[in-house]
Amino acid sequence: MLRRLWLVFAQATTVGLALLFIVATLRPEWLRRAPMALSTPVSGSVSIQQVAASPASGRAEPAGSYAEAARRAAPAVVSIYTTKEIRRPPVVDDPLFERFFGQGPRGSTDRIASLGSGVIATADGYVLTNNHVVQAADEIAVALSDGRRLPAQLVGADPDTDLAVLRVKAPNLPAITFGRAESLNVGDVVLAIGNPFDVGQTVTLGIVSALGRNNLGINRYENFIQTDAAINQGNSGGALIDVHGNLVGVNTAIYSRTGGSIGIGFAIPTTIITDVLDQLIKQGRVVRGYFGIEPEDISPEVAEALKLPAADGVHVRGVVRDGPAARAGMEPGDIIVSINNIRVENTPGVLTQIAKLVPGSAARVVVMRSAREVPLTVTVGERPAPERR
Numbered sequence: 000m001l002r003r004l005w006l007v008f009a010q011a012t013t014v015g016l017a018l019l020f021i022v023a024t025l026r027p028e029w030l031r032r033a034p035m036a037l038s039t040p041v042s043g044s045v046s047i048q049q050v051a052a053s054p055a056s057g058r059a060e061p062a063g064s065y066a067e068a069a070r071r072a073a074p075a076v077v078s079i080y081t082t083k084e085i086r087r088p089p090v091v092d093d094p095l096f097e098r099f100f101g102q103g104p105r106g107s108t109d110r111i112a113s114l115g116s117g118v119i120a121t122a123d124g125y126v127l128t129n130n131h132v133v134q135a136a137d138e139i140a141v142a143l144s145d146g147r148r149l150p151a152q153l154v155g156a157d158p159d160t161d162l163a164v165l166r167v168k169a170p171n172l173p174a175i176t177f178g179r180a181e182s183l184n185v186g187d188v189v190l191a192i193g194n195p196f197d198v199g200q201t202v203t204l205g206i207v208s209a210l211g212r213n214n215l216g217i218n219r220y221e222n223f224i225q226t227d228a229a230i231n232q233g234n235s236g237g238a239l240i241d242v243h244g245n246l247v248g249v250n251t252a253i254y255s256r257t258g259g260s261i262g263i264g265f266a267i268p269t270t271i272i273t274d275v276l277d278q279l280i281k282q283g284r285v286v287r288g289y290f291g292i293e294p295e296d297i298s299p300e301v302a303e304a305l306k307l308p309a310a311d312g313v314h315v316r317g318v319v320r321d322g323p324a325a326r327a328g329m330e331p332g333d334i335i336v337s338i339n340n341i342r343v344e345n346t347p348g349v350l351t352q353i354a355k356l357v358p359g360s361a362a363r364v365v366v367m368r369s370a371r372e373v374p375l376t377v378t379v380g381e382r383p384a385p386e387r388r
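In numbering that gives the first Met the number 0, the protein residues as written are 0 to 388.
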């Protein structure tokens, strides 16, 4: 009898262990122990079931969370408040009226406030933002994530890239770490941080939708990161970061028919930012090379009209009279093939190549004219400052 009971017990145990092994292999989540629920009194008489609190230091970041990236970058993202005076014309501005009735009421002055975001670039107080956020502002204030609100001075601005640098007087600020936008790929996860509509610092999630966006008519020099992370009014000048919390771009514009985010936002990449930031801090402006030409991409129609074998290079639509290109012998209708032995691909590319040239240096340019190559030597000029809008 005892032997039979022992045999039944052994068989049952074997079957149970086999089932446990199968469940642990195929459905391990069935065996996970749920956190112990505690009864928490509410309002003295009602109690709810809630998991036990765990110490913050021992909190494990859930899979798919980007909390650490946001935590690293958020202190370096600031809100920027600007005010400007707008003078309104007098109600009556008629010399004949003034002759008979005296001078009428004078024009009024209104103060307009606006909002944007910015990124602390250096620990000693240089703040990066968009030019359109601070353009023509009479007063600028920077609100830090710790609650401090500091007056800021404009160090320099570059309308051609829509970037500007401010300076606040405060030591040991939480500067952001710069990443490398050239390492991004379409599909990479990115986070946008800013202060949309002045609701407070906000983090939104998206991916890199496209790289190298240009010909959008937003800036003179365009090489945008396109993202579907929500960007709204007030986000301009804020940070676009990677999953490690490193800055890869500065949010600058959205495509929208309503004024709100529809998932098409654009950020200036760090490949542009680092050079502009360095020049604005050192000299208050950005120095670029200048040829004095009006370039355009070679469309199939232009290639056919000019009887070109292929749509390679950039078509010169116009040449500024007595500009560097004109003095070198460049003519309207020329096709720029290369600059300093670097092939020219499109209009944004040629503008970037020319901008990187040092004013006063000699650039070796090859153009196609009447189906033959013509070498030219252009003494690079300095690009004139863009007109204020």
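Quick reminder that beta carbons are idealized off the backbone N, C-alpha and C, glycines included.
Remember, predicted model here, so these are calculated numbers, not experimental data.
Scanning the stretch 207-258 for uninterrupted beta strand (DSSP E) segments of 3 residues or longer gives 223-226, 238-240 and 246-253, listed from N- to C-terminal end.
Residue Tyr80 holds the alpha-carbon nearest to the alpha-carbon of Leu114 among Tyr80, Leu143, Leu127 and Ala122. The three-state reading of DSSP puts Glu381 in strand, counting E and B together.
Annotation for Ala163: Thr128, Asn130, Val133 and Ala156 place their beta carbon closer than 6 Å to its own, counting only its chain and skipping 5 residues before and after. A direct Cα-to-Cα measurement between Ile272 and Gly248 gives close to 8 Å.
With a contact defined as Cβ atoms closer than 8 Å, Val364 and Gly288 miss out at about 12 Å. Taking 8 Å as the cut-off, the Cβ atoms of Thr160 and Ile267 count as close.
Cβ neighbours of Val7 within its own chain (closer than 8 Å, five residues either side excluded): none. Beta-bridge partners of Gly317 (DSSP): Glu293.
About 6 Å separates the Cβ atoms of Val77 and Val126, confirming a contact at the 8 Å cut-off.
Between Asp321 and Val154, the alpha-carbon positions lie close to 33 Å from each other. DSSP places Thr376 within a strand segment (E or B) once states are collapsed to three. Under DSSP, Phe20 shares a beta bridge with no residue. For Gly193, no alpha helix (DSSP H) encloses it; the enclosing beta strand (DSSP E) starts and ends at Val188 to Gly193. Judged by pairs of C-beta atoms under 8 Å, the stretch 274-290 does not touch the stretch 249-262, as fewer than three such pairs exist.
Ser182 sits in a helix when the DSSP states are folded into three classes. For Ala120 and Val319, the gap between their C-alpha atoms comes out near 38 Å.
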